[in-house]
Amino acid sequence: MVGPPKWGVFLDRDGTVTEEVGYVNHPSRLNLLPGAAEGIAALNRAGVPVMLATNQAGVARGYFTEDLVKVVLARLQSMLSAQGARLDASYYCPHHPAVGPPPYRQTCDCRKPRPGMLERGAREFGLDLNRCYVVGDKVSDVYFAHSVGARGVLVLTGYGLGELTYQRESWKEQPDFIAEDLIQAAGWILADAGGRP
């Protein structure tokens, strides 16, 4: 017997899970947003794979190395773990199409809003992307979701409130839901997923 299609949640990092501080060029600059761990833990308890998908073009720009990105992601996992939450995977894109030396200066499939990180998560976790969710603080995260048929949730943390207030008229696509923060986003996702056929 075949089970129901498997789905998961992809999260932006800066402004969604952690404070938006510009380029995180030192682990000490990484701080969780209030309620972020609680929202992730709710998804964990429901057995939903939770993956991070973050552009890290600071590597291409020479602001920091890939090794530092990995150290920062390990710190994030540790901070979440201390609050009873976890990420099942973390994906990042170190590239930029116009800046930096090769191999980092390239037009790649992994830089959001292109779908490479979503496709990788789908392969690794056996997900149906049409049933997945993407949460981020920029409308580009919504476009990222919609590029593969996933649902896009905009959170009003990070850049979200400013994008909603000042740029909504120029949006090419609308979020499937707008949430105050990651806790509200997780609650809506779990309710929405439970009501889908």
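Counting in this note's numbering, the sequence shown runs from 1207 upward without gaps. We put the beta carbon where it would ideally sit given N, CA and C, even for glycine.
Pairwise C-alpha distance: residue j and residue i
i	j	result
H1301	T1224	21 Å
P1307	L1217	28 Å
E1379	G1241	27 Å
S1353	T1371	24 Å
F1383	P1233	31 Å
V1215	A1252	12 Å
T1363	L1238	12 Å
L1258	W1377	24 Å
K1318	L1286	24 Å
D1220	F1270	16 Å
W1213	L1335	7 Å
V1208	L1396	With a pLDDT of only 49 at V1208, under 50, the local geometry of the prediction cannot be trusted, and no value is derived from it.
A1295	A1351	17 Å
L1360	E1375	15 Å
R1311	A1243	34 Å
V1340	L1282	19 Å
A1291	V1254	12 Å
Q1390	L1249	12 Å
V1348	V1256	17 Å
Per-residue burial, residue i [other beta carbons within 10 Å of its own, 16 or more giving buried]
i	result
Y1298	buried
A1304	exposed
G1332	exposed
A1392	buried
R1329	exposed
N1261	buried
S1284	exposed
E1272	exposed
V1227	exposed
P1309	exposed
K1276	exposed
R1402	exposed
E1386	exposed
D1315	exposed
A1356	buried
G1358	buried
T1313	exposed
Residues sharing a beta bridge with residue i, DSSP
i	result
T1224	D1220, L1238
A1259	Y1297
I1384	L1360
V1215	V1256, Y1339
Beta strand (DSSP E) segment containing residue i, residue limits
i	result
R1357	1357–1361
A1391	Taken as a continuous stretch (DSSP letters only), A1391 belongs to no beta strand (DSSP E), being part of the alpha helix (DSSP H) at 1388–1400.
Y1339	1339–1342
Endpoints, the alpha helix (DSSP H) within which residue i is located
i	result
E1325	1322–1331
E1369	1366–1373
D1347	1345–1352
Heavy atom of the ligand ATP within 7 Å of residue i beta-carbon
i	result
A1328	The ligand ATP is not part of the structure shown, which contains no ligands of any sort.
message: Quick check on the DSSP output: what are the complete beta strand (DSSP E) runs of length 3 or more inside the stretch 1270–1315, in order along the chain?
response: 1295–1299
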